[in-house]
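Chemist: Dropping the structure in here first, questions after.
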Amino acid sequence: MKRRDFVKNTALSSGVISLGGVFSYASKTHKMVSANSFNLKYAPHFGMFKHHAGENPIDQLNFMADQGFTAFEDNGLMNRDISMQTSIGETLAKRGMTMGVFVVDKGGNMANTLAAGKQEHLDIFLDGCRRAVEVAKRVNAKWMTVVPGGFERKLPLGVQDANVIEALKRASEIFEPHGLVMVLEPLSDSPDLYLQNSDQTYMICKAVDSPSCKILFDIYHMQKTEGNLIHNMGLTWDEIAYIQIGDNPGRNEPSTGEINYKNVFKFIHEKGFEGVLGMEHGNSREGKEGETAVIEAYKKVDQFL
C-alpha cells in the first residue's frame, strides 16, 4: 500500500549498466541523464532498490529518479517523523517526481470498520483523515488509500453499505477543501474484508458523489477476486483515480505471473490516464540481481506503443 547514502562516483556494476543507458551518479546534485523514459508514471516504494541505493530513504528516492521513475508511493508515510516527511517532499520536488498514495491511518485494514456504523470507529477514521491532510501538505500528495475495514456480520449488507457511504461522505468534507482524494481499495486478502470488488467500489463512489472519493484499482487484487481486468476497468473507469500493480500469483513485478501487463498498460495509456501506477509488489529475486530484474521488467512491459 506507505516501504537509505549511495554517494558513488564510479560506474555502476555491470548488472545495472545493462539497464540500457549510460547513467552516472552526480551524487551531490543528482544531475544526470535518466536511464529510462517510461510512458506511464510507475511509482516504486522504499526497500525496492535498497541493495543498489543503500538504506537511506532519500538515496533510494534519488536512485528511483535516476532510473527514470517519475512517481513514488509510501504506504507508511503517516508513521514517519515530520522531518523525514519534509525531506521526502523536498526530494520529490527537486527530482520532479509525483507523490503517490499513502495510507490513511485508521488502525489497520480490519480495524475500526466503517460498516458497523459505530461512532467510535468513525471518530478514529475522521481523525486519521484530518492528520492525513497535514501529511499530504508536506509531500505535495493528492491521493490517500482508504480501506473501510471488515464486514459487520450482524447487520444486513444494505445497512453496512449505508454506514460506509455516510462515513466516506464525512471524510470527503475534510478532503474536498484541500483538493485531496481518498482512493478506496478493494482487497483480496481476506473474505472478512468489506470492500472486495470493483463494481461494489464503483457503487460506493457514486453514492458518496464527491471528487474526493474515488477508486484505487489494484490490478493484483482484482485479478484474484474477479479477473476480466480490462473489461472491468472500462466499466468503472470514470471513478478510477489511482492504479496499483502486482502480478499473480506471487505479487511480484510484471512478467512473473499470468497477467498480460503490456496489454493492460496499453489500455490504460489509451484511456489517457495521467495518474500514478503504484508498484505495490515485491521483487521476485533477491539482491541487486532482483532489483535489476524489476527495472528490466518495467522496460519490457512499457513497450506497448
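Going letter by letter, the sequence shown gives residues 69 to 373 in the working numbering. Glycine included, every Cβ here is placed at the ideal spot set by N, Cα and C.
Answer with buried or exposed for Val-90, where buried requires no fewer than 16 other C-beta atoms within 10 angstroms of its C-beta.
Modeler: Residue confidence for Val-90 is low, a pLDDT of 31 falling below 50, so the modelled location carries little weight and cannot support an answer.
Chemist: When DSSP builds the beta bridges, which residues end up paired with Thr-213?
Modeler: DSSP output for Thr-213 lists Val-171, Val-251 as bridge partner(s).
Chemist: Please report how far the alpha carbon of Gly-136 lies from the alpha carbon of Gly-325, in whole angstroms.
Modeler: Computed Cα separation, rounded: 24 Å.
Chemist: Identify, in the order they occur along the chain, each residue of the same chain with its Cβ nearer than 8 Å to the Cβ of Val-369, setting aside the five sequence neighbours on each side.
Modeler: Only Pro-322, Ser-323, Tyr-329, Lys-330, Phe-333 meet the Cβ criterion.
Chemist: Tell me which residue opens and which closes the alpha helix (DSSP H) that Ile-233 is part of.
Modeler: Residues 225-243.
Chemist: Pick helix, strand or coil for Tyr-384, following the three-state DSSP scheme.
Modeler: Nothing about residue 384 can be reported from this structure: the residues present for the chain run from 69 to 373 only.
Chemist: Pull up the CB-CB distance for Ala-309 and Val-251, whole angstroms please, since I reckon it's below 8 Å.
Modeler: At roughly 5 Å, the Cβ-Cβ gap stays under 8 Å, so Ala-309 and Val-251 are in contact.
Chemist: Tell me the rounded alpha-carbon separation between Glu-364 and Thr-213.
Modeler: Taking the straight line from one Cα to the other gives about 28 Å.
Chemist: Identify, in the order they occur along the chain, each residue of the same chain with its Cβ nearer than 8 Å to the Cβ of Asn-208, setting aside the five sequence neighbours on each side.
Modeler: These residues qualify, in order along the chain: Gly-157, Leu-160, Ala-161, Met-167.
Chemist: State the DSSP-derived secondary structure class of Gly-196, mapped to helix, strand or coil.
Modeler: Helix at Gly-196.
Chemist: Can you list, in chain order, the residues of its chain whose CB lies under 7 Å from that of Lys-292, leaving out five sequence neighbours each side?
Modeler: Answer for Lys-292: Ser-256, Asn-316, listed in chain order.
Chemist: Using the beta-carbon count (16 or more within 10 Å), is Pro-112 buried or exposed?
Modeler: So Pro-112 counts as buried.
Chemist: Could you please give me the residues that DSSP links to Asp-286 through a beta bridge?
Modeler: Paired residues: Gln-312.
Chemist: Kindly indicate the opening and closing residues of the alpha helix (DSSP H) around Ala-133.
Modeler: Start and end: 125-134.
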